[in-house]
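**Student:** Dropping a structure here in structure tokens format, bear with me for questions.
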Ligand code: NDP
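Numbering (this note's numbering), first residue to last: 8 to 253.
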């Protein structure tokens, strides 16, 4: 018996990277887990097998976070597969870099649609299913509060939107004893931001710890926020960035 035994979680964008780390951390604490993915069916199926090997139920749902109908359907599919929903983790996100002077309309819309609208719509679809003790945890970015270089302005703006979303929603759902929190990772070694990428040395140099994070280090924080021990935390912003914003 562990802290999240019997809890049912949905992690958006769980096929790879931070989302996969979160899904595994929730399963380690006993939760059954649904994940969504856009393209990586094989990676998603592999993660389902890893979670099932821990003795938990798992399901992978194809759903493009930029598609409002798909987002709504995916929450319904997760509820149907797991028999309800206790924890929503809004993790799916994309980054398209470029200076504001040059950024295309397509890149602006893609980031707004996945990083902001997708979060709002997944949350809206999940709320009716969450009961007392429900958890909504969103993955933002340390770049929401400090933008040390150009080129990530639009991405950072989409992550800033999640600060107000988290704080306002915590007020709306507090009376139902549902908590709403934001986790802001710093550089974490994933396909989006590889630790051996072109800009990785510069990012590493801006941290206090002098290193990238690992996906399981974000998963551990999310799993804590999902646990009964975090019952007094809501409207909180937890930055997990190796001291990047210190
Ligand atoms: P990755 O690119 O490594 O993985 C992204 C995940 O999201 C994949 O599972 C992918 O699915 C899914 N995804 C992407 N677009 C969509 C979409 N339109 N619909 C559904 N699923 C989608 O990213 P990270 O793991 O690095 O990032 C996860 C979150 O953490 C994002 O919100 C990101 O902004 C945030 N973050 C990341 C940081 C980092 O340094 N890595 C730092 C700060 C924040 P598929 O495999 O099918 O493509």
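Heads up, the beta-carbon is just placed ideally off N, CA and C, and yes, glycines get one too.
My output table needs one value for residue 19: the three-state DSSP class, helix, strand or coil.
**Tutor:** Of the three classes helix, strand and coil, the one that applies to residue 19 here is coil, per DSSP.
**Student:** What do you get for residue 45, buried or exposed, if any count of 16 or more other CB atoms within 10 angstroms of its CB means buried?
**Tutor:** Residue 45 comes out buried.
**Student:** Going by other Cβ atoms of all chains shown within 10 Å of its Cβ, with 16 needed for buried, is residue 15 buried or exposed?
**Tutor:** That one is buried.
**Student:** Compare the beta carbon distance of residue 250 and residue 214 with 8 angstroms and say whether it is the shorter of the two.
**Tutor:** Yes, these two residues count as a Cβ contact at 8 angstroms.
**Student:** Return the CA-CA distance between residue 170 and residue 177, expressed in angstroms with no decimal places.
**Tutor:** Cα to Cα, residue 170 sits roughly 11 angstroms from residue 177.
**Student:** Quick check on residue 182: buried or exposed, where buried means 16 or more other Cβ atoms within 10 Å of its Cβ?
**Tutor:** Per the 10 Å Cβ criterion, exposed.
**Student:** Among 211, 83, 27 and 59, which residue has its Cα nearest to the Cα of residue 134?
**Tutor:** For residue 134, the nearest C-alpha among the options comes from 83.
**Student:** By the 10 Å Cβ neighbour count, where 16 or more other Cβ atoms means buried, how is residue 96 classified, buried or exposed?
**Tutor:** Answer is buried; the Cβ neighbour count reaches 16.
**Student:** Is residue 16 a contact residue of the ligand NDP, with contact defined as CB to any heavy atom under 7 angstroms?
**Tutor:** The answer is no for residue 16.
**Student:** Under 8 angstroms: do the stretch 208-227 and the stretch 112-120 share three or more Cβ pairs, one atom per stretch?
**Tutor:** Verdict: no, contact absent.
**Student:** For residue 192, which beta-bridge partners are listed by DSSP?
**Tutor:** For residue 192, which the question treats as bridged, DSSP gives the partners 247.
**Student:** To the nearest angstrom, report how far apart residue 161 and residue 191 are at their CA atoms.
**Tutor:** Rounded to whole angstroms, residue 161 to residue 191 spans 16 angstroms at the Cα level.
**Student:** If you pair each beta-carbon of the stretch 52-61 with each one of the stretch 216-235, do three or more pairs fall below 8 angstroms?
**Tutor:** These segments do not touch.
**Student:** Can you tell which of 73, 172 and 105 has the C-alpha that lies nearest to the C-alpha of residue 125?
**Tutor:** Ranking 73, 172 and 105 by Cα distance to residue 125 puts 73 first.
**Student:** Under DSSP, the alpha helix (DSSP H) around residue 44 begins and ends at which residues?
**Tutor:** That residue, residue 44, is in no alpha helix (DSSP H); its beta strand (DSSP E) goes 39-44.
**Student:** Alpha carbon to alpha carbon, how far is residue 139 from residue 23? Give it in angstroms, no decimals.
**Tutor:** The straight-line gap from Cα to Cα measures roughly 30 angstroms.
**Student:** Using alpha carbons as the reference points, say which of 200, 173, 207 and 43 lies closest to residue 5.
**Tutor:** In the structure as shown, the chain begins at 8 and stops at 253. Residue 5 is therefore absent and cannot be evaluated.
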